[in-house]
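Trainee: Here the working numbering is used: the first residue of the sequence shown is 4, the next is one more, and so on.
Each residue gets a CB set at the ideal place from its N, CA and C atoms; glycine is no exception.
Take a look at this one; I'll ask things after.
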Amino acid sequence: MLYRRFGRTGLDISILGFGCMRLPTIGGAQHQIDEEKALRMLYYAIDRGLNYIDTAYPYHSAVPFQEGMSEVFLGKALQGGYREKIHLATKLPSWLIKSREDMDRYLNRQLERLQTGQIDFYLLHGLNASTWKKLKSLGVLEFLESAISDRRIRYAGFSFHDDPAAFKEIIDAYGWTFCQIQLNYMDTRYQAGEEGLKYAAERGIAVVIMEPLKGGRLASSPAVVRQVWEKAEVKRSPAEWALRFLWNYPEVSVVLSGMTEMEQVVENMRVAEQGAPNSLSPGELGLIEEARGVYEKRMRVNCTNCRYCMPCLSGVDIPEIFNHLNNAYLYEDFKGSKQVYNAFTREKASACVKCGACEEFCPQHIPIMDVLTEVVELFEK
4 MLYRRFGRTG LDISILGFGC MRLPTIGGAQ HQIDEEKALR MLYYAIDRGL
54 NYIDTAYPYH SAVPFQEGMS EVFLGKALQG GYREKIHLAT KLPSWLIKSR
104 EDMDRYLNRQ LERLQTGQID FYLLHGLNAS TWKKLKSLGV LEFLESAISD
154 RRIRYAGFSF HDDPAAFKEI IDAYGWTFCQ IQLNYMDTRY QAGEEGLKYA
204 AERGIAVVIM EPLKGGRLAS SPAVVRQVWE KAEVKRSPAE WALRFLWNYP
254 EVSVVLSGMT EMEQVVENMR VAEQGAPNSL SPGELGLIEE ARGVYEKRMR
304 VNCTNCRYCM PCLSGVDIPE IFNHLNNAYL YEDFKGSKQV YNAFTREKAS
354 ACVKCGACEE FCPQHIPIMD VLTEVVELFE K
């Protein structure tokens with residue numbers, strides 16, 4: 004296992020982190036973790052040097068975004084000396100916070116569930132411009148300082164889902180130790196993206212990467228992309244190409260992988276032995292660019308996320324909805340894209356009142372109203 008210095012902490016953290024959002028389950032029930040199988044996977048990784056474990060309050064819940072079983076599982080799994088071998092990360096459920104008192108209540112509840120006296124890395128979960136504004140007004144920065152002072156947490160960070168401007172605003176507002184962003188070779192300009200990675204790293208902030216395989220989509224390439232990988236002198240699996248792309252960035256501290264099968268753990272641990280910064284050749288980086296280009300040719304709608312169409316008077320996040328549509332075509336994953344769309348889209352495409360204002364400002368001249376109608380047919384019916 005390779006390690007990197009984690010921001011300003013002085014800690015050496017394994018470049019591969021175990022994300023506990025997709026643990027194996029029994030009968031497909033998300034809240035029923037297959038603990039025997041999950042324990043074997045977790046211990047295999049820890050015993051071979053992985054030392055960063057990431058979870059969150061709602062992971063493996065029966066009801067989306069409510070209390071889940073991942074923290075409870077880890078609380079039991081990390082007994083017997085394993086807690087001392089790893090650095091534990093979990094997250095404040097931002098969407099459930101209504102008051103300053105809620106922050107302490109949820110943190111204390113998480114400490115009980117995790118059976119630990121201190122959380123090493125504590126994140127504000129899923130920040131965007133709106134949730135950041137709300138939490139800040141409720142006193143979240145004072146809460147973090149208090150929790151660090153009384154040693155319930157060691158270091159404060161946040162996970163993020165919004166645009167680069169919102170990311171920079173949050174980064175500059177507090178002395179964060181670390182942040183967590185979505186990044187993979189298809190999402191270098193999505194949300195915080197590569198721009199956010201470098202912005203945080205330049206300020207000494209450790210950067211943890213989530214969705215390195217884009218929800219597993221990059222782990223199984225279609226035939227046209229496999230043909231690109233076959234050109235390489237060193238043969239790698241699609242998942243290995245995606246992970247090595249991220250570890251090639253010196254600014255990346257940890258890459259999280261939400262592993263469901265032991266085979267995934269074994270492969271990712273093996274790949275992590277090769278994940279040194281700047282270790283890919285120009286030719287290999289060129290192949291990744293070529294694979295990205297092949298994927299992008301399959302895009303359904305040529306949206307560049309410029310957001311000139313926003314804000315929509317009906318509250319529809321047009322670029323984000325187009326991203327779900329493109330994912331369905333890019334990765335031939337209509338079922339998965341539909342599930343993500345319906346789980347995370349607040350104002351769906353059906354909220355469009357066809358006023359046409361968005362189309363007047365679209366530099367790509369996309370027939371936005373027609374595409375939104377297609378989304379309704381594909382994802383909502």
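Any contact of the segment 251-264 with the segment 292-299, i.e. 3+ C-beta pairs under 8 Å?
Mentor: The segment 251-264 is not in contact with the segment 292-299.
Trainee: Would you mind stating whether K217 and M189 have Cβ atoms separated by less than 8 Å?
Mentor: In this structure, M189 lies closer than 8 Å to K217 by Cβ.
Trainee: Within 10 angstroms of the Cβ of P370, are there 16 or more other Cβ atoms? Answer buried if so, exposed if not.
Mentor: With fewer than 16 Cβ atoms within 10 Å of its Cβ, P370 is classed as exposed.
Trainee: For T191, count neighbouring Cβ atoms within 10 angstroms of its own Cβ and tell me buried if that reaches 16, exposed if not.
Mentor: Result: exposed.
Trainee: So what does D57 bridge to, in DSSP terms?
Mentor: G22, A92.
Trainee: Across which residues does DSSP place L126 in a beta bridge pair?
Mentor: K94, G160, per the DSSP bridge assignment.
Trainee: Taking C-alpha atoms, which residue in F337, V268, I122, E104 lies nearest to E2?
Mentor: Residue 2 falls outside the range modelled here, since the chain spans only 4 to 384, and no answer is possible.
Trainee: Short check: CB of A159 to CB of Y125, under 8 Å?
Mentor: In contact: A159 and Y125 (Cβ atoms closer than 8 Å).
Trainee: Going by CA-CA distance only, name the one from R8, Y62, L14, D57 that's closest to S260.
Mentor: Ranking R8, Y62, L14, D57 by Cα distance to S260 puts D57 first.
Trainee: Please state whether the Cβ-Cβ distance between F9 and I16 is less than 8 Å.
Mentor: Yes, they are a contact pair.
Trainee: Can you grab the Cα-Cα spacing for the pair V143 / A92, in whole Å?
Mentor: Roughly 18 Å between the two C-alpha positions.
Trainee: For M213, does the three-state DSSP call read helix, strand or coil?
Mentor: M213: strand per DSSP, three-state reduction.
Trainee: Counting beta carbon pairs with one atom in the segment 341-354 and one in the segment 300-310, are three or more of them shorter than 8 Å?
Mentor: No, the segment 300-310 does not touch the segment 341-354.
Trainee: Taking 8 Å as the cut-off, decide whether the C-beta atoms of A245 and L5 are in contact.
Mentor: In this structure, L5 does not lie closer than 8 Å to A245 by Cβ.
Trainee: Compute the distance between the beta-carbons of V258 and I184, then report whether it is under 8 Å.
Mentor: No; because the gap between Cβ atoms is not below 8 Å, this pair is not in contact.
Trainee: K209 and S256: beta carbons closer than 8 Å?
Mentor: Inspection of the sequence shows that residue 209 is occupied by Ala rather than by Lys. Contact flag set, yes.
Trainee: Terminal residues of the continuous beta strand (DSSP E) containing V268?
Mentor: Run containing V268: none in the beta strand (DSSP E); it sits in the alpha helix (DSSP H), 265-275.
Trainee: Cβ of N271 within 8 Å of Cβ of L221?
Mentor: Their beta carbons are not under 8 Å apart, which means N271 does not touch L221 by this criterion.
Trainee: Is the Cβ-Cβ distance between R155 and L95 less than 8 Å?
Mentor: Their beta carbons are not under 8 Å apart, which means R155 does not touch L95 by this criterion.
Trainee: In three-state DSSP terms, what is C358?
Mentor: Looking at C358 - three-state DSSP - the assignment turns out to be coil, as it is neither helix nor strand.
Trainee: Report all residues from its chain with a CB closer than 7 Å to the CB of R103; omit the five preceding and five following residues, and keep chain order.
Mentor: Within the same chain, R103 has close Cβ partners L141, G142, F146.
Trainee: Would you give the residue range spanned by the alpha helix (DSSP H) that D50 belongs to?
Mentor: Its alpha helix (DSSP H) spans residues 38-50.
Trainee: I'd like to check one pair, Y311 with L333: are the Cβ atoms closer than 8 Å?
Mentor: No, the Cβ-Cβ distance between L333 and Y311 is not below 8 Å.
Trainee: Give me the Cα-Cα distance between G120 and S73, rounded to the nearest whole angstrom.
Mentor: Looking at the two C-alpha atoms, the distance is approximately 18 Å.
Trainee: With a floor of 3 residues, list each beta strand (DSSP E) that falls wholly inside the segment 170-257, ordered by position along the chain.
Mentor: For the segment 170-257, whole beta strand (DSSP E) runs of length 3 or above, ordered along the chain, are 181-185, 209-213.
Trainee: Spatial neighbours of N329 within its chain, please: CB distance less than 8 Å, with the 5 preceding and 5 following residues excluded, ordered by chain position.
Mentor: Within the same chain, N329 has close Cβ partners M302, R303, V304, C306.
Trainee: Return the bridge partner residues of S260 from the DSSP annotation.
Mentor: Its beta-bridge partners are F21.
Trainee: Cα separation between I49 and K351?
Mentor: Those two C-alpha atoms are separated by around 42 Å.
Trainee: Could you name the residues that DSSP lists as bridge partners for T28?
Mentor: Paired residue(s): I36.
Trainee: For C361, does the count of other Cβ atoms within 10 angstroms reach 16, so buried, or fall short, so exposed?
Mentor: Buried.
Trainee: Whether or not the segment 80-91 and the segment 126-141 are in contact is what I'm after, with contact meaning three or more pairs of Cβ atoms, one per stretch, closer than 8 Å; do they touch?
Mentor: Cβ pair count under 8 Å is below three, so no.
Trainee: Do you know offhand how far H164's Cα is from E214's?
Mentor: So the alpha carbons of these two residues sit roughly 12 Å apart.
Trainee: Taking the alpha-carbon of H368 as reference, which of T376, V378, C309, P314 has the nearest alpha-carbon?
Mentor: Of the candidates T376, V378, C309, P314, the one whose C-alpha sits nearest the C-alpha of H368 is C309.
Trainee: Can you check whether the CB of A195 is closer than 8 Å to the CB of P167?
Mentor: Against a cut-off of 8 Å, the Cβ pair of A195 and P167 comes out as a contact.
Trainee: In the structure shown, what three-state DSSP assignment does Y6 receive?
Mentor: DSSP places Y6 in strand when its eight states are reduced to three.
Trainee: Rounded to the nearest angstrom, what separates V228 and E243 at their Cα positions?
Mentor: Answer to the nearest angstrom: the Cα atoms are 14 Å apart.
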